[in-house]
Amino acid sequence: MLDVALLPGGYAVCRLPADSSLSPTLWGGLGDHDVVTVSWSIDGISVICPARRVPEQAVVETDWRCLRIVGPLDLAVTGTLTALVEPLARARVNVVAFSTYDTDHVLVPAVRLAEATAALERAGHRVHR
């Protein structure tokens with residue numbers, strides 16, 4: 001059983017050209033429950049962030065909600081992300097998953113949030129809203 005926190009507010013998945021620079025306003029002054037993740041590849045820069053912090057010039061998909069496994073988790077622990085994603089897959093809820101040093105996160109479409117939380121609770125997880 002996992003404790004899962006529903007983070008407040010909406011989230012966005014963004015794409016920028018690989019040579020873009022990121023403004024410190026993306027991560028400066030984050031709230032207690034905000035999370036921003038940035039991944040660089042030859043194809044571009046991917047950013048997941050609160051919807052209110054979307055970088056200018058980004059291609060954006062919004063209306064996601066973020067669920068975080070309450071942590072921190074030991075890096076040696078295995079299967080936590082699977083335990084979160086499998087019940088969502090069975091419920092046919094699409095996800096965007098990412099990890100930080102301390103824990104794992106999944107984004108679910110805001111319009112499917114009720115279905116997602118119900119699927120997690122059916123799997124025995126506790127969802128804290």
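Going by full-length UniProt numbering, 117 is the number at position 117 of the sequence shown; the sequence numbering is gapless. Virtual Cβ for every residue (Gly too), placed ideally from N, Cα, C.
DSSP, reduced to helix, strand and coil, places VAL111 within a helical segment of the structure shown. The C-beta distance from GLY10 to ALA110 rounds to 6 angstroms, short enough to fall under 8 angstroms. Less than 8 angstroms divides the Cβ of VAL13 from the Cβ of LEU107. ASP104 counts as buried, since at least 16 other C-beta atoms from the protein chains shown sit within 10 angstroms of its C-beta. By the CB criterion at 8 angstroms, VAL127 and LEU7 fall outside the cutoff. Collapsing the DSSP output to three states places GLU56 in coil.
Using a C-beta cut-off of 8 angstroms, the segment 47-57 makes no contact with the segment 81-95, since fewer than three inter-stretch Cβ pairs fall below that distance. The C-beta separation of ILE48 from VAL36 comes to about 7 angstroms, placing the pair in contact by the 8 angstroms criterion. Shown here for LEU113: same chain residues with a beta carbon closer than 7 angstroms to its own, the five before and five after excluded, namely ARG65 in chain order.
For PRO24, no beta strand (DSSP E) encloses it, and the DSSP letter there is neither H nor E.
Under the three-state reduction of DSSP output, THR37 falls in the strand class.
Looking at VAL70, ILE42, TRP27 and SER20, the one whose alpha-carbon comes closest to that of TYR101 is VAL70. Looking at the backbone, the Cα of ALA119 and that of PRO24 are separated by about 37 angstroms. Under DSSP, ILE42 takes part in no beta bridge, so it has no partner.
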